[in-house]
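Visitor: If you're matching them up, the sequences are chains L and R in order.
Be aware that the first sequence starts at 1, since it is given in UniProt numbering, and climbs by one per residue.
Be aware that the second sequence starts at 1, since it is given in UniProt numbering, and climbs by one per residue.
Shown below is the structure under consideration.
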Amino acid sequence: MTDPVLSVEGLCKSFGALRATDGVTLDLRPGEIHAIIGPNGAGKSTLIQQICGGLSPDAGRIRFLGADVTALPVRARARMGLARTFQISSLAMEDTVLQNALLGALGAAGRPWGFLRPALRDAGPRTLAEQALERVGLGDVAAVRTAELSHGQRRQLEVAVALTLSPRAFVMDEPMAGLGSAGSQQLTALLAELKADAPVLLVEHDMDAVFALADRISVLVYGQVVMTGTVEEVRADPRVREAYLGDAP
Amino acid sequence: MSRERAFNLAALALLVAVPAWAQLTGETFTITLATRAVIFALAATGLNIALGLGGLVSLGHAVFFGIGGYAMGILAFHAQSYTPLTDWPVTIPGTKLMPVIWLVAILVSALAALLIGLLALRTTGVYFIMITLAFGQMFYYFAISWPAYGGEDGMAIYVRNGFPGLNTLIPIQFYGLCLAWLLVVLWFNARLARSRFGLALNAARQAPQRVETVGLDPVRLKLVALVISGAVTGLAGALFADLNRFVSPTMFSWQLSGEIMVFVIIGGVGRLFGPVAGACLFVALEHLLGGITAYWHVWLGVLLLFIVLFGRGGLVGIFAGRGAVHD
C-alpha cells in the first residue's frame, strides 16, 4: 500500500471543558476523495483548522508528505502544497477574478516582492492563473470584479485559487455550502476531476455530493471518528442512518 | 479616457499652471502656498500607500514627517555652526546639500517605520491606531525635551539648503524640486499598486486569511508597505522643514498626523490623486477661509463630515465615481 499523503494521529483539542477534537486519527491516500461528515458541532471545522495550521492541537501529530507539520504555520503548509478552500468565501472582493487567481500563483511561486512591473505582465504566474480559471469554468469572467460574481462562481473561484498552488492535497471546507442543486452538481463534477491532481479531504453537508464523490467516508461525532469506511459501509451503518439519513430504509 | 484619468490630468495641469501664473504675475506668496500643498500631498501620498493599499490606519505618520524635518534640521544646524555631528568613530560633518539630506531623511524614517511596524503590526484595528498614536506622542515629547536641537522652541536654519545647479532660494525653483518629487512618488505609487507586491498587499487588506493560505505572510507585506510609506512621508518632512527653514516638535504632533489623514480622506483613500486633491483643497481653504475667520477649521470639519457621509471615495470619488478595476 502506498503511504498516505496526509495523516492525522491521535489529534486532541479542547476549549475549556469541550473536547472539540477527541483523539482523531485518519489519513488521506493518493488519488482518493476522503469525506468527513458529521452533525453540526461535531468538530469538523476545528479539525480542518488544525490540519491547515490555523489552530494548534493539544496533542497528536499531523504528517504531510511524510514530514511532521504539526508545528508549522498556515503559510508553510500552504507552500508545501496543502491547498485549502473556505466554507465562507475568503477572496479579495474589490479585485478581479484573475487577480485573485494570480495571488495564488504568486504565493505558490513565493514571489510577492516585485514593486514596479505590473503583476499581470508576469507571464508564468498569469498563465497558471488563467489555466486554473479555465478549468473551473471562470475563463469568461476573468476581468470581472469578484464582488460581482454569483455565490456559485465564488465557490468555483475558491477552487481555482487552490488549483494555482499546484497542490499535493486539497482540504475543502463545505465547498457546496449555499449552492443550489444545479451549482452543486456542477461543482461535484469538478471535484471528481480534481482528485486526479491531488487527493481531496472533503468536509461536506451535502450528502448527495458526498455519496457521489467519496472513496472513503469518516463520520465525526462529538469530536470522535465513530467510523471510517466506503460509501456502502457508511450508508448501511445504523448510527449514521440515525444521525443523518432519517430512518427510512 | 476614464474620468479618473481626466481628473488626474486636470490636477496635474493645475499644479503646473497656477505656480506658472503666479511666477509671471509676481505672486510669490502663491508659489509658497503651492509648495506647501505639494509637500503635504507628498506626505499624504506616503500615508496613502499604507492606508489605501495596506489598510493600515496609522495615526502616527507625523513621526516620519518629523524625523524627515529633524534630519534636515540637525544636518543643516551642524553645517551652519561648523560642528561635526559626531567625532567618534569617524568625524561626520553636517551638510547643506539637499540630496544628502533627502537620503538621510528617507533612510532614518524607513528605519523608524520598520521598528514601529514590528511592534504595531502585532495588533490590528483600534489597537493599531492607538500604538501608532502612542509612538507619535513619544517622539513629540522626546523632541520637546531634547535641548541640543532647540527643544520646545525648535530651531531655525539661516539659509535654505542647496541643490546642485539650482538656486533653491528662488521660490519657483524650490517648487519645481518638490513637484518633481511628488511626480516621481506618484509614478512609483501607480506602479506599486499594479505590481506583484501591490496585488498581494491589496489582498492582505481585504482577506488576510486568504493571503496566508496561499503561502504568504500578510504581516510582512504590511510591514514593507509601512516602511515605504514612512520613507515617503519622511522625505516630505525634510522638504517641509526646508520650505519653512525651521523645524520644531509640532512636526511630530498628533494634530499633524490627523491632518495628513484628513488630506487622504478628503481626497479619496486608495485613489492615486486622492492625497493631492485633499492637500491642495486643505491649503486653499486654510488660506481663503483662514483670511476670513480664525475658526476656519469648523468649516473643514463640516466638509470632512459631508465627504465621509456622502462621498465615500473623497473628492476623486465625487468627480470620477467608483474606482475602475485596474488591470
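Note that beta-carbon positions come from the ideal geometry of N, C-alpha and C, so glycine has one too.
Hey, is R/V298's beta-carbon within less than 8 Å of any beta-carbon in chain L?
Guide: Output row for R/V298: interface = no.
Visitor: Take every Cβ of the region 126-137 of chain L, pair it with every Cβ of the region 104-115 of chain L, and state whether three or more of those distances are shorter than 8 Å.
Guide: In short, these stretches touch, since the Cβ pair count reaches three.
Visitor: In chain R, which residues lie less than 7 Å from L/V74 when you measure between Cβ atoms?
Guide: Correct list: E212 and T213.
Visitor: Please list the partners that L/G90 has in chain R, where partner means a Cβ-to-Cβ separation under 7 Å.
Guide: First, the residue type needs correcting, since residue 90 of chain L is Ser and not Gly in the sequence shown. In chain order: A207, Q209 and R210.
Visitor: Any idea which residues DSSP pairs R/G162 with across the strands?
Guide: In DSSP, R/G162 forms a bridge with R/L97.
Visitor: Can you name the residues of chain R whose CB is closer than 8 Å to the CB of L/G104?
Guide: Under the 8 Å cutoff, chain R gives V214.
Visitor: Taking one C-beta from the region 160-176 of chain R and one from the region 95-108 of chain R each time, how about it: are there three or more such pairs within less than 8 Å?
Guide: The region 160-176 of chain R, when compared against the region 95-108 of chain R, does touch it at the 8 Å Cβ threshold.
Visitor: Between which residues of its own chain and R/L114 is the CB-CB distance below 6 Å, once the five residues before and five after are set aside?
Guide: Around R/L114: V227.
Visitor: Can you give, in chain order, each stretch of the alpha helix (DSSP H) that sits fully within the region 291-326 of chain R and has at least 4 residues?
Guide: If we require 4 residues or more, the alpha helix (DSSP H) runs fully inside the region 291-326 of chain R come out as 296-310 and 314-320.
Visitor: Which residue marks the beginning of the alpha helix (DSSP H) containing L/D140, and which one marks its end?
Guide: Where L/D140 is concerned, there is no enclosing alpha helix (DSSP H), given that its DSSP letter is neither H nor E.
Visitor: Identify every run of the beta strand (DSSP E) within the region 173-206 of chain L, keeping only runs that are complete inside it and at least 3 residues long; order them along the chain.
Guide: If we require 3 residues or more, the beta strand (DSSP E) runs fully inside the region 173-206 of chain L come out as 200-203.
Visitor: Does the CB of R/L9 have a neighbour CB from chain L at under 8 Å?
Guide: No, R/L9 does not count as interfacial toward chain L.
Visitor: With DSSP as the reference, label R/T213 as helix, strand or coil.
Guide: Helix.
Visitor: Please look up how many angstroms separate the CB atoms of R/A193 and R/A105, rounded, as I've assumed it's under 8 Å.
Guide: In fact, because the Cβ distance is near 24 Å, the residues do not count as touching under 8 Å.
Visitor: Measuring alpha carbon to alpha carbon, tell me which of L/K44, L/T2, L/D3 and L/L28 ends up nearest L/V225.
Guide: It is L/K44.
Visitor: Give the DSSP-derived three-state secondary structure of L/M93 in the structure shown.
Guide: Residue state, collapsed to three classes: coil.
Visitor: Output the boundary residues of the beta strand (DSSP E) element that contains L/V69.
Guide: Looking at the DSSP string, L/V69 is not in any beta strand (DSSP E), and its letter there is neither H nor E.
Visitor: Do you know offhand how far L/R63's Cα is from L/V5's?
Guide: The alpha-carbon atoms of L/R63 and L/V5 are separated by roughly 8 Å.
Visitor: Label L/N40 either buried or exposed according to how many other C-beta atoms from any shown protein chain fall within 10 Å of its C-beta, with 16 as the threshold for buried.
Guide: So L/N40 ends up on the exposed side.
Visitor: Would you say L/L116 faces chain R, with C-beta separation under 8 Å as the test?
Guide: Yes, L/L116 lies at the interface with chain R (some Cβ there is under 8 Å from its Cβ).
Visitor: Under 8 Å between C-beta atoms, does R/S195 make it to chain L?
Guide: For R/S195, the answer is yes, since a Cβ of chain L falls inside 8 Å of its Cβ.
Visitor: Which residues, in chain order, does the region 170-197 of chain R contribute to contact with chain L at a C-beta distance below 8 Å?
Guide: Listed in sequence order: F188, R191, L192, R194, S195, R196 and F197.
Visitor: For L/Q99, decide whether its Cβ has a neighbour in chain R, counting only Cβ atoms nearer than 8 Å.
Guide: Output row for L/Q99: interface = yes.
Visitor: Let me see if you follow: with CB-CB separation under 8 Å, is L/L138 close to chain R or not?
Guide: No - not a single Cβ of chain R is within 8 Å of the one on L/L138.
Visitor: Would you mind telling me which residues of chain R sit closer than 7 Å to L/M93, beta carbon to beta carbon, in chain order?
Guide: Those are Q206, listed as they occur along chain R.
Visitor: Please list the segments of the alpha helix (DSSP H) lying wholly inside the region 141-204 of chain R, counting only runs of 4 or more residues, in order along the chain.
Guide: Complete alpha helix (DSSP H) runs here, min 4: 171-194.
Visitor: For the structure I just gave you, are there three or more beta carbon pairs, one from the region 271-285 of chain R and one from the region 181-195 of chain R, closer than 8 Å?
Guide: Output reads yes: the region 181-195 of chain R touches the region 271-285 of chain R.
Visitor: Taking Cβ to Cβ, would you say L/A214 is nearer than 8 Å to L/L202?
Guide: In this structure, L/L202 lies closer than 8 Å to L/A214 by Cβ.
Visitor: Do you know how far the Cα of L/L82 is from the Cα of L/G31?
Guide: Taking the straight line from one Cα to the other gives about 15 Å.
Visitor: Quick check on R/F273: does DSSP put it in helix, strand or coil?
Guide: Coil, per DSSP.
Visitor: Kindly indicate if chain R contains any beta-carbon less than 8 Å away from that of L/V221.
Guide: So, not an interface residue.
Visitor: Looking only at its chain, what residues have a beta carbon closer than 7 Å to the beta carbon of L/S14, apart from the 5 residues adjacent to it on each side?
Guide: If we look at L/S14 and ignore the five residues flanking it on each side, its Cβ neighbours are A20 and D58.
Visitor: Which same chain residues, not among the five before or five after R/L33, have their C-beta less than 7 Å away from its C-beta?
Guide: If we look at R/L33 and ignore the five residues flanking it on each side, its Cβ neighbours are V283 and H287.
Visitor: Compile a chain-ordered list of the residues in the region 213-240 of chain R whose CB is closer than 7 Å to at least one CB of chain L.
Guide: Those would be T213, V214, G215, L216, D217 and L221, in chain order.
Visitor: Across the region 3-11 of chain R and the region 201-219 of chain R, are there enough close Cβ pairs to call them in contact, namely three or more that are closer than 8 Å?
Guide: Short answer: they don't touch.
Visitor: Take the Cβ of R/L281 as the centre, count every other Cβ of all protein chains shown within 10 Å, and call the residue buried at 16 or more, exposed below.
Guide: With 16 or more Cβ atoms within 10 Å of its Cβ, R/L281 is classed as buried.
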